[in-house]
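Quick notes on the structure that follows.
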Amino acid sequence: MIKPKLAAELQACPYRGLVPYLENDADYFFGRDSDTEIIVANCLTTRLTLLYGSSGVGKTSVLNAGVARTLRKRAKRNLLERKCPEYVPIPFNMWRDDPVAGLHGRIEETLRGLLPASWARKFPTRPARLVESLRRWSDLATSDLVLLLDQFEEHFLYRPVHDNRFDDELIEAVTTPNLRVNVLISLREDALARLDTFRAGIPFLFDNCLRLDHLTQEAARQAIREPLTLYNERGAAKGRHVRIAPKLVEQVVKQVRAGRVRLNSEGAGAVKGFNESDEESAKVEAPYLQMVMMRLWREDVREGSGKLKLSTLNRLDGAEQIVRTHLDAVMQNFTFEDRATAAKVFHYLVTPGGTKVAHYIHDLEAYAKIPAEQIGPIFDRLDDPDTRILRNVTPPNEPSHRYEIYHDLLSAPIRHWRQQFEAEAAARSARLDAEAAAEKARQEAAVAVEAARLKAEAAAQKARLKAEAATQKARLKAEAAAQKARLESEAVAEAARSRAEAAAETARLEVEEARVKAELAAEIARIEAEAVVESQRMQTETAAESVRVRTDEITKITQELLTQTRDFGKDSGTIDSKKFSDKLQRLQDTVQTVSEDVSKLGEAAPKP
-7 MIKPKLAAEL QACPYRGLVP YLENDADYFF GRDSDTEIIV ANCLTTRLTL
43 LYGSSGVGKT SVLNAGVART LRKRAKRNLL ERKCPEYVPI PFNMWRDDPV
93 AGLHGRIEET LRGLLPASWA RKFPTRPARL VESLRRWSDL ATSDLVLLLD
143 QFEEHFLYRP VHDNRFDDEL IEAVTTPNLR VNVLISLRED ALARLDTFRA
193 GIPFLFDNCL RLDHLTQEAA RQAIREPLTL YNERGAAKGR HVRIAPKLVE
243 QVVKQVRAGR VRLNSEGAGA VKGFNESDEE SAKVEAPYLQ MVMMRLWRED
293 VREGSGKLKL STLNRLDGAE QIVRTHLDAV MQNFTFEDRA TAAKVFHYLV
343 TPGGTKVAHY IHDLEAYAKI PAEQIGPIFD RLDDPDTRIL RNVTPPNEPS
393 HRYEIYHDLL SAPIRHWRQQ FEAEAAARSA RLDAEAAAEK ARQEAAVAVE
443 AARLKAEAAA QKARLKAEAA TQKARLKAEA AAQKARLESE AVAEAARSRA
493 EAAAETARLE VEEARVKAEL AAEIARIEAE AVVESQRMQT ETAAESVRVR
543 TDEITKITQE LLTQTRDFGK DSGTIDSKKF SDKLQRLQDT VQTVSEDVSK
593 LGEAAPKP
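In this note's numbering, the protein residues as written are -7 to 600.
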C-alpha cells in the first residue's frame, strides 16, 4: 500500500501519460514553444486557420496548454494595462450535444469569467444566431474573439445528417465582414477531406493550413527535463527534489522515436527502420514519451528514490515493455471473442519481422474472414485517445477506413501479445477439448453406472416381486385359514347366541304372560272395586238427595210453624191447634225420616 506522502507525490507527477494537457497544466508543458508561436500568430492575423496532424500528435495539448494559455495570459495583461483584452480565446470541443447551444454557452462563460464584474450590467442577452452573439460580446469587450474548435472530426461524427444549422452558422461567422472573430479548426489529418462540405460557403477554406508534426529530439529532451526542473523549484520549500540521469533522457528519446509508413496503391506498406539520417525517424511521439516518463516516475517515487534512473528503465525492459504492459491492460478489457478477433487481424498489421502494415478494414475482412461490422467497433476502441493502440490513416476521399499500428514501438508487443493470446487460445481450446472429453467420459460412465444401477434395480425388483408374491400367497393362505376358523367360530358362537336368545325370549314371554295375567287380574279387581264404589256413590247420592228433600221439607214446615207463632203474637188471636199439631207431627215424622236416611247414608259410605 502506498503511503499518503508517496500518494501525493504520485498525484503531483509532472508528466501526463496519454492524457492530453489542459490549460491548467501549461506550466509543465514544454517542447512546443515554436509551434505555439506559429499557431498564435496565424490565429491573430487570419479569419480562418486549419490545424491538422496525425492522431496522437498532440494537437489538443498544444491548443490547451499552448495557444489558449498564451492568449489568455495576454488578454488578462491587456485588460489590466489597456482596459480591454484585445484577443479572447474560446476553446470548444463539445460536439456530442447541440454545438450551437454549447458554443453560445462557452462564449458567455468565457467572457463573464474574464471581464470585470462591474461590467455585468452590460452583458448581453443570448440572441438566436451565433453571429449576433459573437458581435455583441466582441463589441462589449472591444476585442477579437478567437474560437478554438478542437477535435472537429467529432462534429462530423455526431452531426445529424439533415441538420446543417451549425455548419451554416460557422460559415456565417467566418465570412461576415467586419466581425471581430477569428476561427481555428483543429482536426485529424484523415478527416481533412470532410471539410469539403464547407468549401462552397468558405472559398478560402484551405488558404491557411498548419500541420502539427511530432516533437523534435531537442523538444523531447525539453519535455523530459523542464517539467522536472519546475517540479523541483516548486517543491524546494517542502524539501522535494528529484534528479534524472542524463543517459536516461537520451535512452527515452531514442526508444520512442517515430517512423514513417509508405503506402502502395493497395493500401499496404512497410515501415522503414529507425534511421538517424531520416528526418521523420528523428521525431519523437509525445504521448509515448509521456507514458514512459510517468511509469518511470511512479516506479522511482514508489521506492522513495530522489532520482529517475536508467536502471529503472532497464529493469522494466525498456520503453517497449512499458508500452507492452499498457497493451496488455488495454486488451484485457475486451471479451475473449473480441480479443480473438483482434489477434486475427493483428496478424496482418504486423509482419513476422516486426514491420507494421496499414490495411483497409474491407481487406482485413477478406484476409481474416471476419465481418467488417465485427472489426470496426474493436478498431474504434483501439484508436481511442486513451488507448492509442491503432491509428486511422485513411486517405482523403476514401469511403473505407484504413488502420495501422499507432507506433513502431507497439509492433513487437503486439506480436508478443498475439503469440501469447494464440497460446492462451490453444490452451483454452485444449482445456475445453479436455473438459469436453472428460465430460463425455463422465457422461458415458454415468450412463454405464446408470445402466448397471437400472439392471440391479430390475433384478432387485424381480426378487422383490417374487418375494412379495410368495409372501402374498402365504398371507392369503393364512388369511383363508383364519377366515375359515373365524367363520366356524362365528357359526358356533351364532348357534350358542341363538339358543341363548331363544331361552331368553321364552323366559321373557313367560314373564310377560305372568305380567299380563297380573295386570288383567289387577284390572278386573280395579273394575270391580270401581263398580262397588260407583254403586255406593249412587246409593249415597240417592240417600243424600232424600235427606236434602226431607231437610227442605223440615225447613218449610218449621218456617210455617214459626210464621204462625209470629202471627199469633202480633194479632193476639188464636192458633188453630189442630193444624198446628198436624204440622208439628209432620215435622217430627220428617225429622225421623231424615235421621234414618242419614244413618243409611253413613252405612253406605265406603269404609277406609
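Beta carbons are placed, not taken as given, at the ideal position from N, Cα and C, and that holds for glycine.
(request) Return the Cβ separation of residue 35 and residue 54 in integer angstroms, given the expectation that the two are a contact with Cβ distance under 8 Å. (result) Taking C-beta atoms under 8 Å as the contact rule, residue 35 and residue 54 fail to qualify, at a distance of about 12 Å.
(request) Can you check the segment 87 to 173 for any beta strand (DSSP E) of at least 3 residues that lies completely inside it and give the ranges in chain order? (result) 136 to 141
(request) Alpha carbon to alpha carbon, how far is residue 494 from residue 507? Give it in angstroms, no decimals. (result) Distance from the CA of residue 507 to the CA of residue 494, rounded to the nearest whole angstrom, comes to 19 Å.
(message) Does residue 5 come out as helix, strand or coil in the three-state DSSP assignment?
(response) coil
(request) Alpha carbon to alpha carbon, how far is residue 522 from residue 528? Give it in angstroms, no decimals. (result) Spanning the two alpha carbons is a distance of roughly 10 Å.
(request) Count the other CB atoms, across all protein chains shown, that sit within 10 Å of the CB of residue 524; report buried if there are 16 or more and exposed otherwise. (result) exposed
(request) Could you tell me which residues DSSP pairs with residue 582 in its beta bridges? (result) DSSP lists no partner for residue 582.
(request) Assign residue 178 to one of three DSSP states: helix, strand, or coil. (result) strand
(request) May I have the straight-line CA-CA distance separating residue 15 from residue 56, to the nearest angstrom? (result) 5 Å
(request) Report the three-state DSSP secondary structure of residue 76 (helix, strand or coil). (result) coil
(message) Within the continuous alpha helix (DSSP H) that includes residue 56, where are the two ends?
(response) That residue, residue 56, is in no alpha helix (DSSP H); it is neither H nor E in DSSP.
(request) Note the first and the last residue of the continuous beta strand (DSSP E) segment covering residue 340. (result) Note, residue 340: premise wrong, no beta strand (DSSP E); alpha helix (DSSP H) at 328 to 341.
(message) Check whether the segment 278 to 294 and the segment 7 to 27 touch, using three or more Cβ-Cβ pairs below 8 Å as the test.
(response) yes
(message) Tell me the residue span of the beta strand (DSSP E) that contains residue 43.
(response) 40 to 45
(request) Please report the residue range of the beta strand (DSSP E) in which residue 281 lies. (result) Annotation: residue 281 is outside any beta strand (DSSP E); the continuous alpha helix (DSSP H) that includes it extends over 278 to 294.
(request) Would you kindly report the start and end of the unbroken beta strand (DSSP E) that includes residue 396? (result) 394 to 397
(request) Specify the secondary structure class of residue 21 as computed by DSSP and reduced to three states. (result) coil
(message) Between the alpha carbons of residue 284 and residue 157, how many angstroms are there, rounded?
(response) 43 Å
(message) Would residue 110 and residue 116 qualify as a contact pair, given that the criterion is a beta-carbon distance under 9 Å?
(response) no
(message) Does residue 351 come out as helix, strand or coil in the three-state DSSP assignment?
(response) strand
(message) Closest to residue 314 by C-alpha separation, out of 287, 591, 102, would be which residue?
(response) 287
(message) Less than 7 Å between C-beta atoms, sequence neighbours within five positions excluded: which residues of the same chain meet that for residue 91?
(response) 147, 158
(request) Just grab the DSSP bridge partners of residue 371 for me. (result) Residue 371 is not bridged to any residue.
(request) Taking all protein chains shown into account, decide if residue 323 is buried (16 or more other Cβ within 10 angstroms of its Cβ) or exposed. (result) buried
(request) Assess, as a yes-or-no matter, whether the segment 202 to 217 is touched by the segment 163 to 174 under the definition of 3 or more beta carbon pairs within less than 8 Å. (result) Counting Cβ pairs under 8 Å, fewer than three are found: no touch.
(request) Figure out for me which residue from 177, 179, 166, 217 has the closest Cα to the Cα of residue 192. (result) Comparing Cα positions, the closest option is 166.
(message) Tell me which residues share the same chain as residue 99 and place their Cβ nearer than 8 Å to its Cβ, disregarding the 5 neighbours each side in the sequence.
(response) 82, 125, 126, 129, 137
(request) Count the C-beta pairs between the segment 306 to 320 and the segment 356 to 373 that are closer than 8 Å, then say yes if the count reaches three, no if not. (result) no
(message) My output table needs one value for residue 299: the three-state DSSP class, helix, strand or coil.
(response) strand
(message) According to DSSP, is residue 202 part of a helix, a strand, or is it coil?
(response) strand
(request) Could you tell me whether the segment 217 to 233 touches the segment 72 to 89, using the rule of 3 or more Cβ pairs below 8 Å? (result) no
(message) Using a 10 Å radius around the Cβ and a threshold of 16 neighbouring Cβ atoms, would you call residue 613 buried or exposed?
(response) Since the first residue shown for the chain is -7 and the last is 600, residue 613 is missing from the structure and cannot be characterised.
(message) Let's test the definition: count the other Cβ atoms within 10 Å of the Cβ of residue 503 and tell me whether it reaches 16, buried, or not, exposed.
(response) Under a 10 Å Cβ-count criterion, residue 503 is classified as exposed, with fewer than 16 other Cβ atoms of the shown protein chains found around its own Cβ.
(message) Taking 9 Å as the threshold (C-beta atoms), are residue 188 and residue 47 in contact?
(response) no
(request) Please confirm if the segment 430 to 440 is in contact with the segment 404 to 414, defined as three or more CB-CB distances below 8 Å between the two stretches. (result) no
(message) Please classify residue 50 as buried or exposed, where buried requires at least 16 other C-beta atoms within 10 Å of its C-beta.
(response) buried
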